[in-house]
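K.L.:
As you go down the protein sequences, you meet chains B and L in turn.
Residue 150 in the working numbering sits at position 97 of the first sequence, and the numbers go up by one each step.
Residue 71 in the working numbering sits at position 18 of the second sequence, and the numbers go up by one each step.
2 protein chains.
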Amino acid sequence: MTVAGIATPVFTESEIRRTVAAIPPPQLIETIEEGFVAHSGGRAVIPPIAEMSFDAPPGDVHVKYGYLLADPCYVIKIASGFYDNPRRGLLVSQGMMLLFDRSTGVPVAVLLDNGYLTRIRTAVAGAIAAKWLAPSDVSCIGIVGSGVQARLQLLWLKAVLDAREAMVLSRSEDRAAAYARAMCEESFNVGIAANPQELGVKCDLIVTTTPSKRPLLRADDIRAGTHITAMGSDTLDKQELDPRILDRAHVVVADSREQARTRGEIAHALRQRLIDEDDLLELGDVISRKDPGRRSDAEITVADLTGVAVQDIQIAKAVCSHLGVGLDAGDAPGR
Amino acid sequence: MTVAGIATPVFTESEIRRTVAAIPPPQLIETIEEGFVAHSGGRAVIPPIAEMSFDAPPGDVHVKYGYLLADPCYVIKIASGFYDNPRRGLLVSQGMMLLFDRSTGVPVAVLLDNGYLTRIRTAVAGAIAAKWLAPSDVSCIGIVGSGVQARLQLLWLKAVLDAREAMVLSRSEDRAAAYARAMCEESFNVGIAANPQELGVKCDLIVTTTPSKRPLLRADDIRAGTHITAMGSDTLDKQELDPRILDRAHVVVADSREQARTRGEIAHALRQRLIDEDDLLELGDVISRKDPGRRSDAEITVADLTGVAVQDIQIAKAVCSHLGVGLDAGDAPGR
Numbered sequence: 054m055t056v057a058g059i060a061t062p063v064f065t066e067s068e069i070r071r072t073v074a075a076i077p078p079p080q081l082i083e084t085i086e087e088g089f090v091a092h093s094g095g096r097a098v099i100p101p102i103a104e105m106s107f108d109a110p111p112g113d114v115h116v117k118y119g120y121l122l123a124d125p126c127y128v129i130k131i132a133s134g135f136y137d138n139p140r141r142g143l144l145v146s147q148g149m150m151l152l153f154d155r156s157t158g159v160p161v162a163v164l165l166d167n168g169y170l171t172r173i174r175t176a177v178a179g180a181i182a183a184k185w186l187a188p189s190d191v192s193c194i195g196i197v198g199s200g201v202q203a204r205l206q207l208l209w210l211k212a213v214l215d216a217r218e219a220m221v222l223s224r225s226e227d228r229a230a231a232y233a234r235a236m237c238e239e240s241f242n243v244g245i246a247a248n249p250q251e252l253g254v255k256c257d258l259i260v261t262t263t264p265s266k267r268p269l270l271r272a273d274d275i276r277a278g279t280h281i282t283a284m285g286s287d288t289l290d291k292q293e294l295d296p297r298i299l300d301r302a303h304v305v306v307a308d309s310r311e312q313a314r315t316r317g318e319i320a321h322a323l324r325q326r327l328i329d330e331d332d333l334l335e336l337g338d339v340i341s342r343k344d345p346g347r348r349s350d351a352e353i354t355v356a357d358l359t360g361v362a363v364q365d366i367q368i369a370k371a372v373c374s375h376l377g378v379g380l381d382a383g384d385a386p387g388r
Numbered sequence: 054m055t056v057a058g059i060a061t062p063v064f065t066e067s068e069i070r071r072t073v074a075a076i077p078p079p080q081l082i083e084t085i086e087e088g089f090v091a092h093s094g095g096r097a098v099i100p101p102i103a104e105m106s107f108d109a110p111p112g113d114v115h116v117k118y119g120y121l122l123a124d125p126c127y128v129i130k131i132a133s134g135f136y137d138n139p140r141r142g143l144l145v146s147q148g149m150m151l152l153f154d155r156s157t158g159v160p161v162a163v164l165l166d167n168g169y170l171t172r173i174r175t176a177v178a179g180a181i182a183a184k185w186l187a188p189s190d191v192s193c194i195g196i197v198g199s200g201v202q203a204r205l206q207l208l209w210l211k212a213v214l215d216a217r218e219a220m221v222l223s224r225s226e227d228r229a230a231a232y233a234r235a236m237c238e239e240s241f242n243v244g245i246a247a248n249p250q251e252l253g254v255k256c257d258l259i260v261t262t263t264p265s266k267r268p269l270l271r272a273d274d275i276r277a278g279t280h281i282t283a284m285g286s287d288t289l290d291k292q293e294l295d296p297r298i299l300d301r302a303h304v305v306v307a308d309s310r311e312q313a314r315t316r317g318e319i320a321h322a323l324r325q326r327l328i329d330e331d332d333l334l335e336l337g338d339v340i341s342r343k344d345p346g347r348r349s350d351a352e353i354t355v356a357d358l359t360g361v362a363v364q365d366i367q368i369a370k371a372v373c374s375h376l377g378v379g380l381d382a383g384d385a386p387g388r
């Protein structure tokens, strides 16, 4: 595909899936941890998210973009969620990732991943949150939601936790059963929770993965020592947790303090003045041990992840590196 | 390139260039006029521009995106300007255009145009501004700058004006001479202006195309009856016109009133309170004849174009249509 002097490699979803499968999970976790640490340490440029919403059918598109100061490239990631997609046989999440030479603007790679890398980096962030914030001995993992991200979250927790007992809470009994069967093949023993109370009583690590617009878990549902990673809400109108859970929590961690002001569970709790912005920690600062995170197995901890461009930047670079794509376009004549 | 059920057609710069060459200029002008009219009539969704700036080497990236309410797709356009690129044998402007199904988020086409379509739609907008605002009998066209956009502007004016006399003003004598030679091959007779005064005295249609950060034309340089299209400034720090030119002008037209508040020549004039926002017209309203535009050949008119996503949306759709690409991904099973 060499045209007018510029040849931009384009990779398809299947090529990208094979590449990700070839990266050892701990390596991808570490790469994305480095992104969070760079972000919290002020060594990444992450402008505000660009976005559009649609009504009929309902959907939203986010453009997340930026670069690490040390990088030769910048990354622009397009990710959409169209919630009626499953009726058409499509995944809710779609999109692509684009890498550009930071010295020239020349595109260095187009990753036509159809949302796959966004789903993976989101699941990796869940594993990272659990790695740094879960109680020392997780007995049972609770998953709220039974979709693609619900599966990926549990799979990626394998890389950081020994627990293989899990419970799923889903609006649909059929989907909950399908989820339990699928995860059984991945060596998890998954029970179906009748209600949020049962999930809260049995689980000490809970991951919420839905696009719900009203709280699914109440503060009374959560037992001491639980860690919750709230993944689903990435806008102001989405919400999975009763904000009083954040009030009750000893530690509340955002992936991005900046984004948490206007998105996700933290934004709801801040608006209701249940928590104070000064009390928020940032995931990168917990990873770098600048901030302590959880201090005992009796504490309740919450990680509210709205998704930060550093995750996209790091996974896009990792994929390109494994594909042998240089991250700057170079000075070769004619380029 | 069929992967995991989704096949996204990817087009290269040479395919895109051939496609644009096959579209009659009046048709492309009309298509982009329709975009401006939809924008000014509130029938387009155009969120604020997303952007990043770079220092070393100097550059900026804009993400412009949106859709017409009547469209089955939305468009995301990435355009960068890296001003040291020519030293590397590269054009300053780079980028790509992406079209997505508005019902599902599935990408319907990737146009790897390396900034070509942005350059064309920018030149087309210059032709549109001249078509609606130039005096009735243009004798000599003045071009400020001698780069790629300076050439394209003059070429596209052919579609709307009979004048073939032109003058170029450039910091570099060599580039001015090269410009004059190149435009001679396009049947223009191009003289080289010694200074802005000479350009202003001889020309009654002036197009400014530079990334200058200080005014290149003064109010005294401009004669009665002149129309100026200011193309170069698309950020707050770029400026090609003395803001008093806008004060002196009888008609000041923005491609987007919203963007003009913070970008381009109008933003400078507004800040200095030389013009009032209520007096601004919008190009789409002039095209639709909602607003009168120029009322006599003695008036000075200014069109300040910062570049609006509707231009990108319209040219991207036109190219896809000529390439036979459907603008929605359809409901075919497995897609």
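Idealized CB from N, CA, C, for every residue including glycine.
Note that the structure is a prediction, hence the values are computed from the model and not measured.
Could you tell me whether the Cβ atoms of L/ASP154 and L/VAL161 are closer together than 7 Å?
P.N.:
Result yes, Cβ atoms of L/ASP154 and L/VAL161 sit closer than 7 Å.
K.L.:
Taking the straight line between their C-alpha atoms, what separation do you get for B/ASP124 and B/LYS117?
P.N.:
Between B/ASP124 and B/LYS117, the C-alpha separation is close to 16 Å.
K.L.:
For the region 148–182 of chain B, enumerate the residues whose C-beta is nearer than 9 Å to any C-beta of chain L, in chain order.
P.N.:
Those would be GLY148, MET149, LEU151, PHE153, ASP154, ARG155, SER156, THR157, GLY158, VAL159, PRO160, VAL163, LEU165, ASN167, GLY168, TYR169, in chain order.
K.L.:
Using C-beta distances below 7 Å, list every residue in its chain close to L/LEU390, excluding the 5 sequence neighbours before and after it, in chain order.
P.N.:
For residue 390 of chain L there is no data in the structure shown, the boundaries of chain L being 54 and 388.
K.L.:
So is L/VAL305 in contact with chain B if we call contact Cβ pairs under 7 Å?
P.N.:
So, not an interface residue.
K.L.:
Select from L/THR288, L/LEU207, L/LEU151 the residue whose C-alpha is nearest the C-alpha of L/GLY134.
P.N.:
Answer by Cα proximity: L/THR288.
K.L.:
Which complete alpha helix (DSSP H) runs does the region 164–200 of chain B hold, if anything under 4 residues is left out?
P.N.:
Whole alpha helix (DSSP H) segments, 4+ residues: 169–186.
K.L.:
In the DSSP assignment, find the unbroken alpha helix (DSSP H) run with B/SER93 in it and report its ends.
P.N.:
First-last of the alpha helix (DSSP H) with B/SER93: 78–93.
K.L.:
Can you find a C-beta in chain L that's less than 7 Å from the C-beta of B/ILE99?
P.N.:
It does not: the Cβ of B/ILE99 has no partner Cβ on chain L nearer than 7 Å.
K.L.:
Quick one: using the 10 Å Cβ neighbour count with 16 as the cut-off for buried, is B/ASP257 buried or exposed?
P.N.:
With 16 or more Cβ atoms within 10 Å of its Cβ, B/ASP257 is classed as buried.
K.L.:
Between the alpha carbons of L/GLN250 and L/ALA176, how many angstroms are there, rounded?
P.N.:
L/GLN250 and L/ALA176: Cα-Cα distance of roughly 25 Å.
K.L.:
Taking the C-alpha atoms as reference points, what is the distance between L/ARG224 and L/VAL355?
P.N.:
In a straight line, the C-alpha of L/ARG224 is about 23 Å away from that of L/VAL355.
K.L.:
What whole-angstrom Cβ distance do L/VAL90 and L/ILE340 have, given they're in contact under 8 Å?
P.N.:
Sure, about 5 Å apart at Cβ, within 8 Å.
K.L.:
In the DSSP assignment, find the unbroken alpha helix (DSSP H) run with B/VAL339 in it and report its ends.
P.N.:
B/VAL339 -> alpha helix (DSSP H) spans 336–340.
K.L.:
So, is the C-beta of B/ASP384 closer than 7 Å to a C-beta in chain L?
P.N.:
Reliability of the predicted coordinates at B/ASP384 is poor, the pLDDT of 43 falling under 50, and no value is obtained from them.
K.L.:
Start and end of the alpha helix (DSSP H) containing L/TYR232?
P.N.:
Per DSSP, L/TYR232 belongs to the alpha helix (DSSP H) from 226–237.
K.L.:
Check whether chain B comes within 7 Å of L/ALA57, counting only Cβ atoms and requiring the distance to be less than that.
P.N.:
Here L/ALA57 scores only 46 on pLDDT, less than 50, and its place in the model is too uncertain to base an answer on.
K.L.:
Could you check if L/GLN80 is buried or exposed, using at least 16 other CB atoms within 10 Å of its CB as the buried criterion?
P.N.:
Exposed, because fewer than 16 other Cβ atoms sit within 10 Å of the Cβ of L/GLN80.
K.L.:
For a minimum of 3 consecutive residues, which ranges assigned as the beta strand (DSSP E) are wholly contained in the region 321–365 of chain B?
P.N.:
Fully enclosed beta strand (DSSP E) runs of 3 or longer: 354–357.
K.L.:
So which residues of chain L does B/ILE366 contact, with C-beta pairs closer than 8 Å?
P.N.:
Per Cβ cutoff of 8 Å: no residues; B/ILE366 is ~12 Å from chain L at best.
K.L.:
Determine, using beta carbons only, whether B/LEU143 comes closer than 7 Å to chain L.
P.N.:
Yes, B/LEU143 counts as interfacial toward chain L.
K.L.:
Enumerate in chain order the residues of its own chain whose CB-to-CB distance from B/ARG140 is below 6 Å, with the five nearest sequence positions on each side excluded.
P.N.:
Cβ within range, chain order: n/a, list empty.
K.L.:
Determine which residues share a DSSP beta bridge with B/THR261 and list them.
P.N.:
Bridge partners of B/THR261: B/VAL197, B/ALA283.
K.L.:
Rounded to the nearest angstrom, what separates L/VAL221 and L/ASP274 at their Cα positions?
P.N.:
L/VAL221 and L/ASP274: Cα-Cα distance of roughly 15 Å.
K.L.:
Against B/THR72, what residues of chain L qualify as contacts under a CB-to-CB distance less than 9 Å, listed in chain order?
P.N.:
Those do not exist, as B/THR72 stays about 13 Å from chain L at its closest Cβ, beyond 9 Å.
K.L.:
Considering just the uninterrupted stretch of the beta strand (DSSP E) at B/ASP113, what are its terminal residues?
P.N.:
From DSSP, the beta strand (DSSP E) with B/ASP113 extends over 112–121.
K.L.:
Assess contact between the region 292–308 of chain L and the region 350–364 of chain L, defined as three or more Cβ pairs (one per stretch) separated by less than 8 Å. Is contact present?
P.N.:
Verdict: yes, contact present.
K.L.:
Quick one: is B/PRO296 near chain L, going by C-beta distance under 7 Å?
P.N.:
It does not; no Cβ of chain L falls within 7 Å.
K.L.:
Just checking, does the region 93–104 of chain B make contact with the region 103–122 of chain L on the three C-beta pairs under 8 Å criterion?
P.N.:
Touching, per the Cβ criterion.
K.L.:
Which bits of chain B does L/PRO110 rub up against, with CB to CB less than 7 Å?
P.N.:
In chain order: SER156.
K.L.:
Under 6 Å Cβ to Cβ from B/GLU218, same chain only, skipping five residues before and after it: list those, please.
P.N.:
Contacts found: CYS193, ASN242.
K.L.:
Give the range of the alpha helix (DSSP H) segment to which L/GLN147 is assigned.
P.N.:
Counting along the chain, L/GLN147 falls outside any alpha helix (DSSP H), though it belongs to the beta strand (DSSP E) covering 146–154.
K.L.:
Would you say L/VAL378 reaches chain B, if we count a Cβ-Cβ gap shorter than 7 Å as a contact?
P.N.:
So no, L/VAL378 is outside the interface.
K.L.:
So B/GLN312 and B/VAL260 are supposed to be a Cβ contact under 8 Å. How far apart are they, rounded?
P.N.:
Actually they do not touch by this definition, with Cβ atoms about 19 Å apart.
K.L.:
Please decide whether B/ALA320 counts as near chain L, where near means a Cβ-Cβ distance under 7 Å.
P.N.:
No, no contact with chain L.
K.L.:
Between which two residues does the beta strand (DSSP E) holding B/GLY244 run?
P.N.:
Per DSSP, B/GLY244 belongs to the beta strand (DSSP E) from 242–245.
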